[in-house]
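What follows is one structure encoded as structure tokens, with my remarks underneath.
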Amino acid sequence: VDLLLHFCLEMGFSSVVLVGHDDGGLLALKAAERARTCSRFMQ
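When you read off a place in the sequence shown, starting at 1, and then add 451, the result is the number in the numbering used here.
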């Protein structure tokens, strides 16, 4: 999750869509929770 969020910040993405099977939804939920609680993503 941290690597995914760091990559998105470095690339300047303002939004990301995660598409996948099985644990793709879990990754999306964890990334959203981490972004919500991290001040770096609240700019």
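Don't be surprised by glycine CBs; every beta carbon is placed ideally from N, CA and C. These numbers were taken from a predicted model, which means no experiment stands behind them.
- Burial state of Leu480 is exposed, judged by a 10 Å Cβ sphere holding fewer than 16 other Cβ atoms.
- A distance below 8 Å between beta-carbons, with the five flanking residues on each side excluded, links Asp453 to the following residues of its chain, in chain order: Arg485.
- DSSP, read as helix, strand or coil, puts Leu469 in coil.
- Leaving aside the five residues that flank Leu478 on each side, the residues in its chain whose CB is nearer than 8 Å to its CB run, in chain order, Val452, Leu455, Leu469, Gly471.
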